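S.K.: When we follow my numbering, the leftmost residue of the sequence shown carries the number 11, and every step to the right adds one. C-beta atoms are modelled at their ideal positions from N, C-alpha and C, and glycine is treated no differently. Quantities reported herein were computed from a predicted structural model and do not represent experimental measurements.
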Amino acid sequence: MERKVDFARDTALKILKEVNHDGKYANMSLKQHLRRARFNDRDAAFITQLVYGTLERQLTIDWILGMFCKSKVTNPWVVNILRMGCYQIVHMDRVPDSAVCNESVKLCKKYANKTLAGFVNGVLRNIVRNKEKIEVPSKETDIAEYLRLTYSYPAWLVKKWIEDYGGDTAEKMLMPAGNDDYITIRVNRCRTSKDELKLLLADMGIEAEDGLFMQAEALRIGSVGDIERNRLYREGLFTVQGESSMLVVHLLDPQMDEFILDACSAPGGKATHLAERMGNRGKILAWDVHPQRVDALKRNVQRMGAVIVEPQLQDASSFQADLKERFDRVLIDAPCSGWGVIHKKPDIKNRITMDGLPALYDVQRRIITNCSRYVKTGGVLVYSTCTMNIDENQGVVEAFLNDNPLFEPDDFSDLLPEKLNDSIVKAGMIQLIPSRDGVDGFFIARLRRTG
11 MERKVDFARD TALKILKEVN HDGKYANMSL KQHLRRARFN DRDAAFITQL
61 VYGTLERQLT IDWILGMFCK SKVTNPWVVN ILRMGCYQIV HMDRVPDSAV
111 CNESVKLCKK YANKTLAGFV NGVLRNIVRN KEKIEVPSKE TDIAEYLRLT
161 YSYPAWLVKK WIEDYGGDTA EKMLMPAGND DYITIRVNRC RTSKDELKLL
211 LADMGIEAED GLFMQAEALR IGSVGDIERN RLYREGLFTV QGESSMLVVH
261 LLDPQMDEFI LDACSAPGGK ATHLAERMGN RGKILAWDVH PQRVDALKRN
311 VQRMGAVIVE PQLQDASSFQ ADLKERFDRV LIDAPCSGWG VIHKKPDIKN
361 RITMDGLPAL YDVQRRIITN CSRYVKTGGV LVYSTCTMNI DENQGVVEAF
411 LNDNPLFEPD DFSDLLPEKL NDSIVKAGMI QLIPSRDGVD GFFIARLRRT
461 G
């Protein structure tokens, strides 16, 4: 009688198949499966590591599998069984190789057939025997290939970063942030204080430490399972938000009683942060172009008690004449490639291509041009992305400045945490890099309308 497959590995396999072949996002698929089955903490952590680890290393895993598979594998179940098995063999020392092979065979029998199960067994056992011999090209021989395989990134993106930033900086951009064991949260200071929240979390057995540079409002906590089920989260005492994202609002520097536009707002982290910084005095229009994202925005605004935020279904690239030159400050957290958060969403690098970038640049330029028309004379415009791409960042801002002489870069050195001075790329612009700064890779530009 055939033994049952391991349920945790079975679940991880389903998630990988959904992400790699059905187009689902890893974080959403993982959340759905973990909630549906209600795994214990140990199994949930194992599944999470299997999914994110395999996706993080997938491009290099495929290179390894190419050395050991004599024929091309087309069955999506088998492809992902091999990927998941290879990841465990090469990167998970605590998992016995024999268990990996045996469980992979059982999965293959369930989702494919016995013939392919024999093939999977042979490939994985061959990797076990030869894993110490697997070597990437040396850095001196071929830096692009070395970086591609060492950090598991698309070749074209590695080459672009080398061309744009040089080899040393490119490698820093490819390195993991090194803080993935933590979740960063923002204290809702309209409802509690940082010290009080620390005590409340401690009562739940959750340790919290201050953030790296947004220390007035940022806390770092360990893994807490499904954080959206946490009572303090549901009561709006905190929200999940990275320090890079908090810095965007900090550099916008909102003031009480101002009229502010958050042009690409969902899911609402920055909009609710603006409201908190303003003491819920003033007015904030929060736009998003997708109805389902506006719904998520509304839920977060309500949960956080951000009463001055008005969520609206609106296209930030479409001009609203009645709002011309009405706003004291405008925030554009533009749609982008997301290369600065790949360490959190590794499936990004397995789905990105060069082909979609020109259309993305066009959207960004249309949004900043349109939204600039809403800024009052003397007002501030902040443009941000969660990516590390000169074309989406400095390129978009500098093209806008060339076409719009009424705006100029606005120095924010007096607002910037001292730890980040080395991250300034030029006046009024900063680029954060995960491995260097310990946070998500964000670009932020602050501009002022002078006439």
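Could you give the distance in angstroms between the alpha-carbon of N30 and the alpha-carbon of V88?
M.R.: Using only the alpha carbons, I get a separation of about 12 Å.
S.K.: Within a Cβ cutoff of 7 Å, which residues of the same chain sit near A54, ignoring the five residues on either side of it in sequence?
M.R.: Cβ within range, chain order: L44 and G235.
S.K.: Can you tell me whether P415 is buried or exposed, with buried defined as 16 or more other CB within 10 angstroms of its CB?
M.R.: Result: exposed.
S.K.: Would you check if the stretch 128-143 and the stretch 99-118 touch, i.e. whether three or more CB-CB distances between them fall below 8 Å?
M.R.: Judged by Cβ distances under 8 Å, the stretch 99-118 makes contact with the stretch 128-143, as three or more pairs qualify.
S.K.: Below 8 Å between beta carbons: does that hold for I443 and M224?
M.R.: No, Cβ-Cβ distance for I443 and M224 is not below 8 Å.
S.K.: Following the continuous alpha helix (DSSP H) through E113, name the residue where it begins and the one where it ends.
M.R.: Per DSSP, E113 belongs to the alpha helix (DSSP H) from D107 to Y121.
S.K.: Reducing DSSP to helix, strand and coil, say where D32 ends up.
M.R.: Of the three classes helix, strand and coil, the one that applies to D32 here is coil, per DSSP.
S.K.: Could you give the distance in angstroms between the alpha-carbon of E155 and the alpha-carbon of K149?
M.R.: About 8 Å.
S.K.: Whose C-beta lies closer than 7 Å to the C-beta of K355 among residues of the same chain, with five residues either side of it excluded?
M.R.: The answer, listed in chain order, is A36, N37 and G348.
S.K.: What separation, rounded to the nearest whole angstrom, lies between the Cα atoms of A22 and A47?
M.R.: When rounded, the distance between both Cα atoms is 12 Å.
S.K.: Rounded C-beta distance between T64 and I57? I'm assuming under 8 Å.
M.R.: With a Cβ gap of about 11 Å, T64 and I57 do not count as contacting.
S.K.: Which residue marks the beginning of the beta strand (DSSP E) containing S394, and which one marks its end?
M.R.: Here the beta strand (DSSP E) through S394 covers V385 to T395.
S.K.: When burial is assigned at 16 or more other CB atoms within 10 Å of the CB, is Q42 buried or exposed?
M.R.: Burial call: exposed.
S.K.: Select from V83, L257, D267 and R201 the residue whose C-alpha is nearest the C-alpha of G246.
M.R.: Nearest of V83, L257, D267 and R201 to G246, Cα basis: R201.
S.K.: Is it buried or exposed for L425, if we count other Cβ within 10 angstroms and need 16 for buried?
M.R.: When all chains shown are included, L425 counts as exposed.
S.K.: Residues in its own chain within less than 7 Å of L409 by CB, not counting five upstream and five downstream?
M.R.: Inspection of the sequence shows that residue 409 is occupied by Ala rather than by Leu. Here the set comprises R375.
S.K.: Could you give the DSSP three-state label for P462: helix, strand or coil?
M.R.: The structure shown does not extend to residue 462, since the chain is modelled only from 11 through 461, so no value can be given for it.
S.K.: Return helix, strand or coil for K334, following the three-state DSSP convention.
M.R.: In the structure shown, K334 sits in coil (DSSP, three-state: anything other than H, G, I, E or B).
S.K.: What's the gap between the Cα of Y243 and the Cα of N136?
M.R.: Roughly 48 Å between the two C-alpha positions.
S.K.: Output the distance between the C-alpha atoms of I172 and A180, rounded to the nearest integer angstrom.
M.R.: Their Cα atoms are separated by approximately 5 Å.
S.K.: Around the C-beta of W166, are 16 or more other C-beta atoms found within 10 angstroms, so that it is buried, or is it exposed?
M.R.: Looking at its Cβ environment, which holds fewer than 16 other Cβ atoms inside 10 Å, W166 is exposed.
S.K.: With distances taken Cα to Cα, identify the nearest neighbour of G366 among I352, C346, H353 and M266.
M.R.: Checking every option, the nearest Cα to that of G366 belongs to C346.
S.K.: In terms of residue numbering, what span does the alpha helix (DSSP H) encompassing P86 cover?
M.R.: Run containing P86: P86 to H101, per the alpha helix (DSSP H) assignment.
S.K.: Can you tell me whether M11 is helix, strand or coil according to DSSP?
M.R.: Since pLDDT at M11 reaches only 43, below the 50 mark, its modelled position is unreliable, and no value is offered.
S.K.: Starting from A326 and walking both ways along the beta strand (DSSP E), at which residues does that stretch end?
M.R.: Careful: A326 lies outside any beta strand (DSSP E) and carries neither H nor E.
S.K.: Specify, as a first and last residue, the run of the alpha helix (DSSP H) that A276 falls within.
M.R.: A276 -> no alpha helix (DSSP H), and no H or E assigned at all.
S.K.: Roughly how far, in whole angstroms, is the beta-carbon of L284 from the beta-carbon of I294, given that I think they are within contact range, below 8 Å?
M.R.: 5 Å between Cβ atoms; contact.
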